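*Asks:* Before anything else, here's the structure in question.
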Amino acid sequence: MGLFSVSYDGRWPLALGTLVGYIGYKVWAYYRLSAFKGPPGSGWCEFWHSSALLGNNAHIQYKEVCDKYGAIARIGPNDLITCSRELLSHMNAVRSPYTRTPWFALATRSQPGTDNIFSELNEDVHLRSRQQMAPGYSGKDNRELEGAINIHVQKLVHLIRSKYLSTSRLARSFDLGNKIQYLAIDVISSVALGDSLGDLDTDSDQYHYIKATEVGLKLATISAALGILPILQRPWVARLLGPSEDDAIGFGRVMRLCRMRIKARLRRGIENRSDMLASFVRHGMDTEQLVTEAVMQLVAGSDTTSTAIRSIILYVLTHPRVYAKLQAEVDAAVTIEKAPAVPDIISDAEAKNLPYMQACIKETMRVHAPTAGLFPKRVPDGGDTVMVDGKPVFLPGGTNVSYARYGLLLDKRVYGKDADEFRPERWLLEKNEARLAAMHRTHDLTFGYGRYQCLGKPIALIE
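What follows is the structure in structure tokens.
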């Protein structure tokens with residue numbers, strides 16, 4: 000009993016010391032970023048940020064935080080968020096000392112311990128991967144790109160005309176949003192694997208991939224809000240709860256399909272082919288790299304692109320004035336043979352010569368960004384002084400700085416008092432050249448910037 004009493008009494012100093020140390024750390028962390036204002040309690044804990052994520056409207060709350068507290072606001076004990084174009088460009092520049100945070104590995108790994116170009120934290124490895132993959136995403140090595148996209152656009156048109164056209168006796172309705180998802184997944188799988196998943200052919204989410212992805216993204220958001228993503232990335236947990244290539248449907252089944260189709264394609268050889276997979280192989284990527292990147296390509300290249308296309312259709316259809324003006328431009332282009340008539344597909348070069356169409360695309364991606372991820376970067380050790388709104392701001396080293404995308408793209412100082420409204424004409428009627436240039440530079444950040452710019456940008460814009 001005496002020994003137990005001594006041991007028990009000896010725990011109090013240890014417990015008290017631990018408590019004092021914890022409180023001291025929290026106070027230090029709070030005052031370290033006290034120059035930046037944010038929602039109540041955000042300097043002490045993650046409660047506000049977790050609530051925003053669980054509310055499924057975090058992207059709007061990030062904007063509201065920047066509107067209320069400034070271009071750089073605090074959303075956590077060690078987390079800032081910004082809508083400053085200057086800071087975002089500075090952080091992502093080619094020679095920037097800012098680096099990716101563990102968020103990338105936790106949020107974008109398809110399998111624990113296996114990195115892709117999105118999740119890779121080693122900057123040298125990331126750069127090497129970009130150099131290997133960039134030619135395949137562009138027309139330089141991938142001369143089959145636009146033709147592959149056109150094939151699936153034609154399939155979509157054929158599906159609608161053969162199965163869903165209304166007649167004088169029968170009115171048919173269908174969910175165009177689903178068909179756009181089929182288009183996006185078939186395009187990116189065709190481009191990435193050399194063969195599509197065939198959703199347009201079967202008019203179905205035949206492997207339940209789209210459903211699995213939607214559920215997976217929701218669960219990932221909830222896991223991030225609860226702070227359990229690190230636990231889910233542990234191998235034994237992933238084996239129990241994560242997707243497996245042995246799964247009959249869903250994400251795991253698609254992982255297996257990626258592996259099977261890539262191996263089959265490699266057996267056939269890449270000679271006389273000028274597509275993405277052939278380019279990757281020629282630039283030194285091995286089979287495991289090809290499979291890992293293909294899986295992530297399907298997620299990143301289908302969900303964001305289908306969101307963008309569906310948003311464009313939604314905004315044009317719900318603004319009759321815009322619809323009529325766009326229709327007039329297309330009709331005029333066909334009449335003077337600057338665009339092909341039905342059933343031919345307009346080329347990317349021809350589409351770029353339709354200014355109002357381009358304005359509609361750009362404006363939609365401004366008011367309804369295809370992605371709203373944080374993509375946080377770490378301030379280099381020693382801190383950094385940056386210019387924001389013409390004033391120097393010191394950012395302490397080790398701080399995470401994230402991207403308030405809607406705050407950036409709906410900034411009234413850049414886009415005017417009606418920045419919240421869908422008005423494609425703003426891109427065509429702006430007389431102030433300096434302001435128009437600022438609008439374009441800001442919008443360019445939709446696809447990232449510098450060494451972190453989205454490699455899939457050319458594919459998305461052609462689609």
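Residue numbers are given in numbering that gives the first Met the number 0: position 300 of the sequence shown equals residue 299, and the series is strictly consecutive. Backbone N, C-alpha and C fix where the C-beta goes; we use that ideal spot for every residue, glycine too. This structure is a prediction, so every number in the text was calculated from the model and none was measured.
#1: Does the separation of the CB atoms of W43 and K67 fall below 9 Å?
#2: Among residues of its own chain, excluding the 5 on either side of G215, which ones have a beta-carbon nearer than 7 Å to its beta-carbon?
#3: Pop quiz: L164 and V400 are said to be a contact at Cβ under 8 Å. What is the actual Cβ separation, rounded to whole angstroms?
#4: Give the range of the alpha helix (DSSP H) segment to which D185 is assigned.
#5: Buried or exposed for I209, please, with buried defined as at least 16 other CB atoms from any protein chain shown within 10 angstroms of its CB.
#6: Report the CB separation of Y314 from F421 in whole angstroms; it is logged as a contact under 8 Å.
#7: Per DSSP, what are the beta-bridge partners of Y405 in this structure?
#8: As a quick exercise: from Q110, I221, G241, D194, pick the residue whose alpha carbon is nearest that of H151.
#9: Thinking just about the alpha-carbon of each residue, which of R108, A331, E336, I179 is nearest to the one in L469?
#10: What residues in its chain sit with their C-beta under 6 Å from that of V366, if we drop five residues either side in the sequence?
#11: Bridge partners of P391, per DSSP?
#12: So is G37 buried or exposed if we call it buried at 16+ other beta carbons inside 10 Å?
#13: Which one of V190, S118, L105 has the shortest CA to CA distance from A147?
#14: Measure the CB-CB distance between I463 and A51 and report whether it falls below 9 Å.
#15: With which residues is A72 paired in a DSSP beta bridge?
#16: Should L87 be flagged as near chain B, meaning a C-beta pair shorter than 9 Å?
#17: Which term fits Q130, buried or exposed, when burial requires 16 or more other beta carbons within 10 angstroms of its beta carbon?
#18: On the criterion of 16 or more Cβ atoms from any shown chain inside 10 Å, does I184 qualify as buried, or is it exposed?
#19: Under 9 Å between the Cβ atoms of E145 and I360?
#20: Given that a residue counts as buried once 16 or more other Cβ atoms are within 10 Å of its Cβ, and exposed if not, what is L126?
#21: Give me the Cβ distance between I179 and S305, rounded to the nearest whole Å; I'm assuming they're in contact under 8 Å.
#22: Buried or exposed for T166, please, with buried defined as at least 16 other CB atoms from any protein chain shown within 10 angstroms of its CB.
#23: Give the secondary structure of T113 by DSSP, where H, G and I count as helix, E and B as strand, and everything else as coil.
#24: Classify N55 as buried or exposed, calling it buried when 16 or more other Cβ atoms lie within 10 Å of its own Cβ.
#25: For S114 versus L105, is the C-beta spacing smaller than 9 Å?
#26: Going by other Cβ atoms of all chains shown within 10 Å of its Cβ, with 16 needed for buried, is S188 buried or exposed?
#27: Given 8 Å as the limit, is there contact between the segment 372–380 and the segment 339–351, that is, 3 or more CB pairs closer than that?
#28: For the alpha helix (DSSP H) containing N149, name the first residue and the last one.
#29: In angstroms with no decimal places, state the Cα-to-Cα distance between P353 and E328.
#30: How would you label F35, buried or exposed, when you count the other beta carbons within 10 angstroms and need 16 or more for buried?
#31: Report buried or exposed for K463, applying the criterion of at least 16 other Cβ atoms within 10 angstroms of its Cβ.
#32: If you check the beta carbons only, do D274 and E362 fall under 9 Å apart?
#33: Would you call H48 buried or exposed, if buried means 16 or more other Cβ atoms sit within 10 Å of its Cβ?
#34: How far does the alpha helix (DSSP H) with P474 in it extend, from its first residue to its last?
#35: Which class does T98 belong to by DSSP, given the choice of helix, strand or coil?
#36: Suppose the cutoff is 6 Å on Cβ atoms and the five residues either side in sequence are ignored; what does the same chain contact list for A340 look like?
*Replies:* So, from the data block:
#1: One-based indexing of the sequence shown puts residue 43 at position 44. One-based indexing of the sequence shown puts residue 67 at position 68. Contact flag unset, no.
#2: As a position in the sequence shown, residue 215 is number 216, starting the count at 1. Cβ neighbours of G215 beyond the five flanking positions: F250.
#3: As a position in the sequence shown, residue 164 is number 165, starting the count at 1. As a position in the sequence shown, residue 400 is number 401, starting the count at 1. For L164 against V400, the beta-carbon gap comes to about 51 Å, at or over 8 Å, which does not count as contact.
#4: Taking the first residue of the sequence shown as 1, we reach residue 185 at position 186. 175–192 is the extent of the alpha helix (DSSP H) around D185.
#5: Along the sequence shown, one-based indexing puts residue 209 at 210. Around the CB of I209, 16 or more other CB atoms lie within 10 Å, so the residue is classed as buried.
#6: Indexing the sequence shown from 1 puts residue 314 at position 315. Indexing the sequence shown from 1 puts residue 421 at position 422. Sure, about 5 Å apart at Cβ, within 8 Å.
#7: As a first step, residue 405 is located in the sequence shown; it is residue number 406 there, counting from the start. DSSP, once it has assigned bridges, lists no residue as partnering Y405.
#8: In the sequence shown, counting from the first residue as 1, residue 151 sits at position 152. It is D194.
#9: Outside the modelled stretch of the chain, which goes from 0 to 462, sits residue 469, for which no answer is possible.
#10: As a working note, residue 366 is residue 367 in the sequence shown. Close CB contacts of V366 within its chain, under the 6 Å cut and outside five residues either way in sequence, are with F421 (chain order).
#11: Indexing the sequence shown from 1 puts residue 391 at position 392. BP columns for P391 point to M386.
#12: Here residue 37 refers to the residue found at position 38 of the sequence shown. Per the 10 Å Cβ criterion, buried.
#13: Along the sequence shown, read from residue 1 onward, the residue named residue 147 stands at position 148. Out of V190, S118, L105, V190 has the C-alpha closest to the C-alpha of A147.
#14: The requested residue 463 does not occur in the structure, where the chain is confined to residues 0 to 462.
#15: Residue mapping note: residue 72 aligns to position 73 of the sequence shown, counting from 1. Answer is I80, bridged to A72.
#16: This model lacks chain B altogether; it includes just one protein chain.
#17: Within the sequence shown, the letter at position 131 stands for residue 130. The residue is exposed, with fewer than 16 neighbouring Cβ atoms inside 10 Å.
#18: Here residue 184 refers to the residue found at position 185 of the sequence shown. So I184 ends up on the buried side.
#19: Start at 1 with the first residue of the sequence shown, and residue 145 comes out as number 146. Start at 1 with the first residue of the sequence shown, and residue 360 comes out as number 361. No, they are not a contact pair.
#20: The sequence position of residue 126 within the sequence shown is 127, counting from 1. Label assigned to L126: exposed.
#21: Taking the sequence shown and counting its residues from 1, one reaches residue 179 at position 180. Taking the sequence shown and counting its residues from 1, one reaches residue 305 at position 306. Right, the Cβ-Cβ distance comes to about 5 Å (below 8 Å), so this counts as a contact.
#22: Walking along the sequence shown from the start, residue 166 turns up at place 167. Result: exposed.
#23: Here residue 113 refers to the residue found at position 114 of the sequence shown. Strand at T113.
#24: In the sequence shown, counting from the first residue as 1, residue 55 sits at position 56. Classification of N55: exposed, given that the 10 Å Cβ count is below 16.
#25: The sequence position of residue 114 within the sequence shown is 115, counting from 1. The sequence position of residue 105 within the sequence shown is 106, counting from 1. A small correction: the amino acid at residue 114 is Asp; Ser does not occupy that position in the sequence shown. It is not a contact, given that the beta carbons lie outside the stated cut-off.
#26: Within the sequence shown, the letter at position 189 stands for residue 188. Under this definition S188 is a buried residue.
#27: no
#28: To locate residue 149, count along the sequence shown from 1; it is residue 150. N149 -> alpha helix (DSSP H) spans 144–162.
#29: The count along the sequence shown starts at 1 and reaches residue 353 at position 354. The count along the sequence shown starts at 1 and reaches residue 328 at position 329. One point to set straight first is that residue 353 is Leu, not Pro, in the sequence displayed. Approximately 7 Å, taken between the alpha carbons.
#30: Counting from one through the sequence shown, the residue named residue 35 turns up at place 36. Per the 10 Å Cβ criterion, buried.
#31: This structure cannot speak to residue 463, because the chain is shown only from 0 to 462.
#32: Indexing the sequence shown from 1 puts residue 274 at position 275. Indexing the sequence shown from 1 puts residue 362 at position 363. Not in contact: D274 and E362 (Cβ atoms no closer than 9 Å).
#33: For the purposes of this step, residue 48 is identified with residue 49 of the sequence shown, where counting begins at 1. H48 comes out buried.
#34: For the chain, the structure presents residues 0 to 462; residue 474 sits outside this window and is missing.
#35: The residue labelled residue 98 in the question sits at position 99 within the sequence shown. Three-state DSSP puts T98 in a strand.
#36: Position 341 of the sequence shown holds residue 340. Correct list, in chain order: V333.
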